[in-house]
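Numbered by numbering that gives the first Met the number 0, the letters in the sequence shown go through residues 0 to 111 in order. Note that the Cβ used here is the ideal one computed from N, Cα and C, for glycine as well.
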Amino acid sequence: MKVSFSGYGEKVLTFETDGEITAGAPVAVTGNGTVGPCAAGQAFCGVAVSAREGLAAVQLCGYARLPYSGAMEVGYQTVAGADGGKIQTAETGRSVLVTDVDESAAVCGVIL
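In structure tokens:
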């Protein structure tokens, strides 16, 4: 891609963690002010930017790059968590704008 959407509309909040959080993976709200790994088929609230000492910085808005499973296309898609800290298209989940798809790396860019 000749353009970069990185930094567009980013909003990051700090949550307590429930389980092992990996930077770059989708996370879901698991309790009051708490996030955990997103299960397959589960709607996610955002993407973990970093995690340490029981806290995680979670990007809730803006452009993010996420690994995906299955087929992914540009345009508005309904996505949910997938195994291995990835996302996948789904019947229910979260609507995002997929701006770019790198099939060789199985990574896509989305506007949350």
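Check                                                                                                                                              : Outcome
Secondary structure at Asp-99, three-state DSSP: helix, strand or coil?                                                                            : strand
What is the rounded straight-line gap between the Cα of Val-2 and the Cα of Gly-53?                                                                : 35 Å
If I measure Cβ to Cβ from Val-73 and keep anything under 7 Å in the same chain, skipping five residues before and after, which residues do I get? : Val-97, Thr-98, Asp-99, Val-100
Can you tell me whether Ala-24 is buried or exposed, with buried defined as 16 or more other CB within 10 angstroms of its CB?                     : buried
When you compare only the Cα positions, how much space is there between Ala-63 and Val-109?                                                        : 5 Å
Answer yes or no: do Val-116 and Ile-20 have a C-beta to C-beta separation smaller than 8 Å?                                                       : Since the first residue of the chain shown is 0 and the last is 111, residue 116 is not available in this structure.
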